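Quick note, the sequence shown lines up with residues -27 to -1, 1 to 239 if you use mature numbering (1 follows the signal peptide of the UniProt record, and there is no 0). Note that the Cβ used here is the ideal one computed from N, Cα and C, for glycine as well. Note that the structure is predicted; figures quoted are calculated from it, not measured. As structure tokens, the structure follows; a few thoughts come after it.
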Amino acid sequence: MKQTLKYGLAVAIALTGTASFTTLSRAADVIETQIIELPPQPVSTGGWYLRGDVGYSKAKFRDGKFPTYTLDKSCSGDPCVIQGDDGHVSGKLKGSFLVGGGVGYQVTDYFRTDLTLDYMTRSSFEGSRGTWCGNTRCTSSDSSKMSALSLMANAYVDIANINGVTPYVGAGIGGTYVKWGNVIQQNPGQAKAIEMDGASNWRFTWALMAGASYDLTRNLKLDAGYRFRHVNGGKMSEGAYSNGPTYDKGLNIHDVRVGLRYQFDN
């Protein structure tokens, strides 16, 4: 009887051990085959960023004017100079390249600001003006070059991030340093052209922007967009002979830009 009980107890212990081993093996298999998925790294939002841009600019010359002067020989003594009607200047500027950079701050996921400095390379100007050739009215051919440096404070609304693409709109205000080269005026029938010294000055500027950025990495974005800049009028050149100084009525500049924005972690 005792031997039977000992044998039964041994069998029970063996079966219990086998079952425990099988359970542990299955648990180990479950642990080994379990895959833990890490959440995707979020795109960096908030903090300072640097930007650099290149592009193409097309400026529209909004015409200009200048005072004209004639001699009144009826004056006693030396001939008197009297001012006539304002002359009109028209013309076109060719396209030029744009390079710039800036520093900004991402305030929230939907709002950011930056300060940018952009240089528009020299653009050739070809135009004409109504002037005096002796005692008769005539139309001259004018030529010059113009470059511009804009310092702008800007604000943007980032609309939404859709699969890494973020469309945005923005606006900016600032100033543009417009530099005109010497204006060459060629009157009909005259062998020698008249050269008038170009003028340089700062002018108030406002801008509107629209575009989109694409997340290349967590911190680096590709940015492409369009910008419209309105530059106030100012002095274009000094006067010469019967013409007074020329003042242009301002510039409308269309920019297409592409660049990179690198955002630092908070």
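Problem set entry | For residue 226 and residue 193, the rounded distance between their alpha carbons | 28 Å
Exercise. Exposed or buried, residue 70, counting other C-beta atoms within 10 Å across all chains shown (16 or more means buried)?
Worked result: exposed
Problem set entry | Coil, strand or helix - residue 132 by DSSP | coil
For this session: Please confirm whether residue 184 and residue 206 have their CB atoms less than 7 Å apart.
Result: By the CB criterion at 7 Å, residue 184 and residue 206 fall outside the cutoff.
Exercise. Exposed or buried, residue 130, counting other C-beta atoms within 10 Å across all chains shown (16 or more means buried)?
Worked result: exposed
Problem set entry | Rounded distance between the beta-carbons of residue 24 and residue 196, thought under 8 Å | 7 Å
Problem set entry | Beta-bridge pairing of residue 160 - partner residues as DSSP gives them | DSSP output for residue 160 lists no bridge partner at all.
Problem set entry | residue 86 (DSSP reduced to helix, strand or coil) | strand
Exercise. Can you tell which of 162, 232, 95 and 147 has its C-alpha closest to the C-alpha of residue 181?
Worked result: 147
Problem set entry | Straight-line Cα distance separating residue 99 from residue 117 | 7 Å
Exercise. Where does residue 219 fall in DSSP's three states?
Worked result: Here DSSP, grouped into helix, strand and coil, assigns residue 219 to strand.
Exercise. To the nearest angstrom, how far is it from the Cα of residue -1 to the Cα of residue 187?
Worked result: For residue -1, the predicted structure reports a pLDDT of 48, less than 50, and the residue's modelled location is therefore unreliable. The matter cannot be settled from this model.
Exercise. Beta carbon of residue 96, beta carbon of residue 228: below 7 Å?
Worked result: No, these two residues do not count as a Cβ contact at 7 Å.
Exercise. Residues in its own chain within less than 8 Å of residue -18 by CB, not counting five upstream and five downstream?
Worked result: Low confidence applies to residue -18: its pLDDT is 48, below 50, so where it sits in the model is not reliable, and the reading given next is rough at best. Excluding positions up to five away in sequence, the list is empty.
Problem set entry | Simplified DSSP assignment, three categories, for residue 74 | strand
Exercise. In terms of DSSP beta bridges, what is residue 209 paired with?
Worked result: Its beta-bridge partners do not exist; DSSP assigns none.
For this session: Take residue 235 as the anchor and find which of 67, 103, 78 and 124 has the nearest alpha-carbon.
Result: 78
Problem set entry | Cα-Cα separation, residue -4 to residue 20 | For residue -4, the predicted structure reports a pLDDT of 43, less than 50, and the residue's modelled location is therefore unreliable. A value from the coordinates is still provided. If I take the Cα positions, the gap works out to 51 Å.
Exercise. When the Cα atoms are used, what is the spatial distance from residue 26 to residue 127?
Worked result: 15 Å
Problem set entry | residue 171 classed as buried or exposed, judged by whether at least 16 other C-beta atoms fall within 10 angstroms | buried
Problem set entry | Opening and closing residue of the beta strand (DSSP E) in which residue 238 lies | Careful: residue 238 lies outside any beta strand (DSSP E) and carries neither H nor E.
Exercise. On the three-state DSSP scale, how would you describe residue 65?
Worked result: strand
Exercise. Do residue 103 and residue 61 have their C-beta atoms closer together than 7 Å?
Worked result: Contact: yes.
Exercise. Hey, out of 217, 75 and 92, whose CA is closest to residue 122's CA?
Worked result: 92
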